[in-house]
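A.B. asks:
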Amino acid sequence: MSWDLLVLPVPPEFMSVGDFPDDFEAEPLGTHEEVKAALCDRLPGIEFSEPAWGRLSGPTWSMHLNLGSRTPVDSIMLHVRGAGDDVLQTLFEIADAVRCRVIDISEGEFLAKHAPSSWRAFQAYRDHIVRG
1 MSWDLLVLPV
11 PPEFMSVGDF
21 PDDFEAEPLG
31 THEEVKAALC
41 DRLPGIEFSE
51 PAWGRLSGPT
61 WSMHLNLGSR
71 TPVDSIMLHV
81 RGAGDDVLQT
91 LFEIADAVRC
101 RVIDISEGEF
111 LAKHAPSSWR
121 AFQAYRDHIV
131 RG
């Protein structure tokens, strides 16, 4: 079970996903090669073994990055597994590398820096489900 997040270029004046107009279209992030280069410059440990998929690991977590098959890339899906609040800094480094913001899919809201509440809520939910 993964914690799923969307990395999307969103104007800073949007305070909530509810602020998105019905006709909102994200600006492209660039080609696959440009996006991968920006991510690898910021996070040297990232591995892209497939054209649209990357992997990054920390001490207690792992993450898959899905750039999608369309060109240009318009968003990145992140699938995080594991534990530890240090993953939050990495999420924001990814977003900063491509000039984006992070949306927590389970909460439907922007992820706030230095506020691990949705990550901790996901871990508690996951642990409850796994333990039965």
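Throughout the sequence shown, residue numbering follows my numbering, covering 1 to 132 in sequence. For every residue, glycine included, the Cβ atom is placed at its ideal position computed from N, Cα and C.
(1) Report, in whole angstroms, the separation of the C-beta atoms of GLU27 and PRO9, which I expect to be a contact under 8 Å.
(2) Which two residues bound the contiguous alpha helix (DSSP H) that contains VAL87?
(3) Name the DSSP beta bridge partners of HIS32, please?
(4) Between ALA97, LEU88 and GLY84, which has its C-alpha nearest THR60's C-alpha?
(5) Our contact map puts SER106 next to ASP19 with C-beta atoms below 8 Å; I'd like the distance itself, whole angstroms only.
(6) Can you pull the DSSP bridge partners for LEU6?
(7) Would you call the CB atoms of VAL87 and LEU29 closer than 8 Å?
C.D. replies: According to the structure data:
(1) To locate residue 27, count along the sequence shown from 1; it is residue 27. To locate residue 9, count along the sequence shown from 1; it is residue 9. With a Cβ gap of about 5 Å, GLU27 and PRO9 count as contacting.
(2) Indexing the sequence shown from 1 puts residue 87 at position 87. Per DSSP, VAL87 belongs to the alpha helix (DSSP H) from 86–97.
(3) Locating residue 32 in the sequence shown gives position 32, counting from the first residue. Note: HIS32 sits in no beta bridge, so no partner.
(4) Counting from 1 along the sequence shown, the entry for residue 60 is found at position 60. Ranking ALA97, LEU88 and GLY84 by Cα distance to THR60 puts GLY84 first.
(5) Within the sequence shown, the letter at position 106 stands for residue 106. Within the sequence shown, the letter at position 19 stands for residue 19. Actually they are not in contact, since the Cβ atoms of SER106 and ASP19 sit about 19 Å apart, beyond 8 Å.
(6) On the sequence shown, position 6 is the one that residue 6 refers to. BP columns for LEU6 point to MET77 and ILE103.
(7) Here residue 87 corresponds to residue number 87 of the sequence shown, with the count starting at 1. Here residue 29 corresponds to residue number 29 of the sequence shown, with the count starting at 1. No, these two residues do not count as a Cβ contact at 8 Å.
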